[in-house]
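S.K.: Residue numbers (this note's numbering): 730 to 874.
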Amino acid sequence: MKLNTLKPADGARKDRVRVGRGIGSGLGKTAGRGHKGSFARAGKGKIKAGFEGGQMPIYKRLPKVGFRSKLKNDTAEVLLYQLDKLEAGEIDFAALRAAKLVPATAKQAKVVKKGDVTKKFVLKGLLATAGAKAAVEAAGGSVTE
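(1) Taking glutamate 866 as the reference, give the member of Lys849, Gly753 and Leu735 with the closest Cα.
(2) Find out if the Cβ-Cβ distance for the pair valine 846, valine 807 is shorter than 8 Å.
(3) What residue from Lys758, Gly774 and Leu855 has the CA that sits closest to arginine 750's CA?
(4) Evaluate the contact criterion for the region 834-843 versus the region 852-862: three or more CB pairs, one atom per stretch, below 8 Å.
(5) Decide if glycine 774 is buried, meaning its Cβ has at least 16 other Cβ atoms within 10 Å, or exposed.
(6) Relative to the C-alpha of glycine 869, which candidate in Glu819, Phe780 and Val746 has its C-alpha closest?
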């Protein structure tokens with residue numbers, strides 16, 4: 730084998746199609762682009778996504794759906810280890826707001842189990858997860874909603 734005899738396998742490389750080179754080529758005159766229209770012209774073959782030929786596109790025909798309520802974010806989460814930083818005793822929503830553990834926009838608070846609690850707390854008027862409730866009661870406190 731010599732370098733000057735190397736060539737690709739048969740059928741591995743196709744010849745490029747030369748369009749617009751006379752009627753005998755099969756792709757003469759219009760060069761396979763058909764007659765008239767945007768695709769027949771140079772540089773005009775792009776149509777924007779969603780365009781339906783002037784018909785009202787589907788994304789405009791269908792109604793708008795969905796709604797994000799501002800009221801959804803009215804419950805603040807308070808973590809157990811954050812509660813542990815407060816004084817032991819009775820804790821209600823006003824105490825949490827005074828300690829700046831809940832934002833001003835919150836209308837209620839929910840205690841979530843993350844971390845440990847070592848002090849005895851009595852949670853009044855607060856929501857609590859099952860794990861948080863068990864942790865507070867294990868430390869000698871109680872939860873009343």
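Ideal Cβ placement from N, Cα and C applies to all residues, glycine included.
M.R.: Taking the definition as stated:
(1) Lys849
(2) no
(3) Lys758
(4) yes
(5) exposed
(6) Glu819
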